[in-house]
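Take a look at the structure set out below.
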Amino acid sequence: MTSQAVVAANGISKNFGSIRAVDGISFQVMLRECYGFLGPNGAGKTTAIGMVYCHTPLTSGVLNVFGLDVREHSREIKAVVGVTPQDNNLDPDLSVIENLVVYSRYFDIPKKEAERRARELLEFMSIDERRKEQVTKLSGGMQRRLVMARALINEPRLLILDEPTTGLDPQARHLIWQRLRELKRKGVTMILTTHYMEEAEQLCDRVAVMDSGKILVEGPPRELVERYAGRDVFEIRRAEDNRVLLRLEGLEFSSERAGDTIYIFSRDGEEIGRRLLSIRELEVLHRRANLEDVFLRLTGRELRD
Ligand SMILES: Nc1ncnc2c1ncn2[C@@H]1O[C@H](COP(=O)(O)OP(=O)(O)O)[C@@H](O)[C@H]1O
Ligand SMILES: [Mg+2]
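Numbering of the sequence shown is given in my numbering, commencing with residue 142 and proceeding in unit increments.
Laid out in structure tokens, this is it:
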């Protein structure tokens, strides 16, 4: 079973003092798979992936990466892993290309080779024209692309991305998605965290939804949507619960009230749609269920942090 597992986590936990940031989770990431961690702020996503790239020591549990125990083989693991941390942590005193070349020293890459790879990666991430500039002059999107280029300098077999596109505009986000898909086609295994459900649906073969240090559910995005949100969603604004729900009696659905909206979730929305239409002056939005529905149903609508 584990022969194809690039990452195998068995009951791993991390305590920071009295805070249990990761609480006994188990998961596997298979070769060439893109695996996503979703979850509200503070869920434990960054801590979980930090353990995988040997940045955060485990409190308990067993974690193997490429068949190697993170407790004993951090050097070997770090050599074949690329990381895009949540914060860019570029060196502000260095130029764009120097940031890559200096970083490559961690991997004992000869300077000539490092420069060749740096140019190639800057090209790949569409920032080569800016290679001589100070990183502080770059936009947020360019800095993020540079951090991605840096993560690739050691030609990693496993790429770990902590919120790769948070705060970026749609153009920058889509470019990053394209590049990640290219890397995946080339055989790179990936783990990412994201707050963008569309990102998870676009990139991830499987996702884990985390909250309070635990994995609540795991699976392919489509299966999770089918299982936890159904197929059809009706959003009904500014209506009394009774006025709507009584009309749907006898049908199979679940409902939820949040603020000014009643949500109706169903596997077969046709009859529900017909009955809602028969209610006068009802403001209804009918759409397909998506991963955001799953996320909110599992982790709730309460604000975090
Ligand atoms: N270095 C740290 N020291 C103390 N507490 C931490 C540290 N890193 C994370 N935490 C706490 O662990 C929990 C999980 O954090 P984190 O893994 O960053 O979650 P996420 O990435 O899902 O937002 C939070 O309560 C956070 O405050
Ligand atoms: Mg985080």
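Here a beta-carbon is modelled for each residue, glycine too, at the ideal position from N, C-alpha and C.
Contact under 9 Å by Cβ, residue i with residue j
| i | j | result |
| --- | --- | --- |
| residue 245 | residue 272 | no |
| residue 268 | residue 286 | yes |
| residue 294 | residue 341 | no |
| residue 154 | residue 202 | yes |
| residue 426 | residue 377 | yes |
| residue 330 | residue 304 | no |
| residue 389 | residue 429 | no |
| residue 232 | residue 224 | no |
| residue 204 | residue 193 | yes |
| residue 397 | residue 403 | yes |
| residue 288 | residue 206 | no |
| residue 351 | residue 150 | no |
| residue 183 | residue 442 | no |
| residue 348 | residue 178 | yes |
| residue 279 | residue 302 | no |
Inter-residue Cα distance where the pair is residue i and residue j
| i | j | result |
| --- | --- | --- |
| residue 344 | residue 314 | 12 Å |
| residue 373 | residue 158 | 44 Å |
| residue 257 | residue 167 | 39 Å |
| residue 368 | residue 406 | 11 Å |
| residue 382 | residue 164 | 38 Å |
| residue 180 | residue 408 | 25 Å |
| residue 171 | residue 213 | 21 Å |
| residue 395 | residue 423 | 19 Å |
| residue 208 | residue 299 | 13 Å |
| residue 260 | residue 230 | 20 Å |
| residue 185 | residue 359 | 15 Å |
| residue 418 | residue 175 | 41 Å |
| residue 234 | residue 263 | 18 Å |
| residue 276 | residue 380 | 52 Å |
| residue 326 | residue 318 | 12 Å |
DSSP-derived helix/strand/coil call for residue i
| i | result |
| --- | --- |
| residue 210 | strand |
| residue 223 | strand |
| residue 415 | helix |
| residue 316 | helix |
| residue 321 | helix |
| residue 410 | coil |
| residue 188 | helix |
| residue 352 | strand |
| residue 329 | coil |
| residue 149 | strand |
| residue 429 | strand |
| residue 420 | coil |
| residue 444 | coil |
| residue 204 | strand |
| residue 357 | strand |
| residue 232 | coil |
Identified DSSP bridge partners for residue i
| i | result |
| --- | --- |
| residue 334 | 178, 303 |
| residue 157 | 160 |
| residue 173 | Its beta-bridge partners do not exist; DSSP assigns none. |
| residue 216 | None, per the DSSP bridge assignment. |
| residue 436 | Answer is none; residue 436 lacks a bridge partner. |
| residue 404 | 376, 397 |
Quiz item: Along the chain, which unbroken stretches of the beta strand (DSSP E) at least 3 residues long are found entirely within the region 364 to 401?
Solution: 373 to 378, 395 to 399
Quiz item: Taking only runs of the beta strand (DSSP E) that begin and end inside the region 235 to 311, which ones reach a length of at least 3 residues, in chain order?
Solution: 299 to 303
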